[in-house]
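Working notes, beginning with the structure itself.
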Amino acid sequence: MGLLDKLSGWLGLRKKEVSVLCLGLDNSGKTTIINQLKPTPEQERVPTIGFNVERFKSSSLSFTAFDMSGQSRYRNLWEHYYKESHAIIFVIDSSDKLRMVVAKEELDTLLSHEDIHSKKIPLLFFANKMDLQDAMSSVKVSQMLCLESIKDKPWHICASNGIKGEGLQEGLDWLQGKVSV
Ligand SMILES: Nc1nc2c(ncn2[C@@H]2O[C@H](COP(=O)(O)OP(=O)(O)O)[C@@H](O)[C@H]2O)c(=O)[nH]1
Ligand SMILES: [Mg+2]
Numbered sequence: 001m002g003l004l005d006k007l008s009g010w011l012g013l014r015k016k017e018v019s020v021l022c023l024g025l026d027n028s029g030k031t032t033i034i035n036q037l038k039p040t041p042e043q044e045r046v047p048t049i050g051f052n053v054e055r056f057k058s059s060s061l062s063f064t065a066f067d068m069s070g071q072s073r074y075r076n077l078w079e080h081y082y083k084e085s086h087a088i089i090f091v092i093d094s095s096d097k098l099r100m101v102v103a104k105e106e107l108d109t110l111l112s113h114e115d116i117h118s119k120k121i122p123l124l125f126f127a128n129k130m131d132l133q134d135a136m137s138s139v140k141v142s143q144m145l146c147l148e149s150i151k152d153k154p155w156h157i158c159a160s161n162g163i164k165g166e167g168l169q170e171g172l173d174w175l176q177g178k179v180s181v
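Rendered as structure tokens:
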């Protein structure tokens, strides 16, 4: 039984496939987290589209992950997925204080995008790498990203350890109640 079983089971009652977009700066832990969520690590692997794009599908869910970076020539590609997404998982390296402001810039750009702005799409934040000694708490991360200012979308932040899979279930449990298709 994987982390996704409950979520997929619940979503399986719906007719439409649910698309979850997993975003964040490179090195934040997206690939690690996605690998934890896969039913089995190697099964159902979908070949990489671009060098920073990953996708996998389970029965009723599709996950697509992108490295966000300001200069990226792939920006149009990941923004293309905004329209069809039902939930966004935003992963932050809680130990990367230097790039927290860059993560905030990317988040702000995401939230002001025309395909996201008016949508009540749930946002799940993983304050990842909580195991590292210099990691900031999830409260501190949420302050640095000004999450309190997000009033028009449901959001939730969880401290996580992508390598051990800690915190992921809590996040998915929250997400399960918020996704509407
Ligand atoms: N200590 C620690 N390292 C992590 C955690 N999650 C991911 N990493 C490591 O961070 C690095 C980047 O992870 P990766 O999943 O490739 O990041 P991505 O670029 O966002 O896909 C890898 O060396 C991972 O093993 C975590 O929770 N704790
Ligand atoms: Mg990756």
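Just so we're aligned: the sequence shown equals residues 1 to 181 in UniProt numbering. All C-beta atoms, glycine included, are put in the ideal place defined by N, C-alpha and C.
Can you pull the DSSP bridge partners for residue 4?
Paired residues: none, contrary to the question.
Note down, one range per segment and in chain order, each alpha helix (DSSP H) of at least 4 residues found wholly within the segment 16-80.
DSSP runs (the alpha helix (DSSP H)) wholly in the segment 16-80: 30-37, 75-80.
Take the Cβ of residue 156 as the centre, count every other Cβ of all protein chains shown within 10 Å, and call the residue buried at 16 or more, exposed below.
The residue is buried, with at least 16 neighbouring Cβ atoms inside 10 Å.
Of the residues 102, 104, 91, which one's Cα is nearest the Cα of residue 171?
Here the closest residue by C-alpha is 91.
Quick one: what does DSSP say residue 179 is sitting in, helix, strand or coil?
In this structure, residue 179 counts as coil in the three-state DSSP scheme.
Using the beta-carbon count (16 or more within 10 Å), is residue 151 buried or exposed?
Exposed, because fewer than 16 other Cβ atoms sit within 10 Å of the Cβ of residue 151.
Along the chain, where does the alpha helix (DSSP H) that runs through residue 87 open and close?
First-last for residue 87: 87-93, but that is the beta strand (DSSP E), not the alpha helix (DSSP H).
Could you pull out every residue in the same chain whose Cβ sits closer than 6 Å to the Cβ of residue 148, ignoring the five residues on either side in sequence?
Result list for residue 148: empty, nothing under 6 Å.
Is residue 151 close to ligand 2? I mean its beta-carbon at under 6 Å from any heavy atom of the ligand.
Checking every heavy atom of ligand 2 against the Cβ of residue 151, none is found closer than 6 Å.
If you reduce the DSSP assignment to three classes, tell me which class residue 84 lands in.
DSSP places residue 84 in coil when its eight states are reduced to three.
Which residue's Cα is closest to the Cα of residue 110: 134, 99, 81, 130?
Considering only alpha carbons, the answer is 81.
Residue 185 and residue 20: beta carbons closer than 7 Å?
Residue 185 lies beyond the range of the chain shown here (1 to 181); nothing can be said about it.
Starting from residue 158, follow its DSSP beta bridges and name the residues at the other end.
Note: residue 158 sits in a beta bridge opposite 126.
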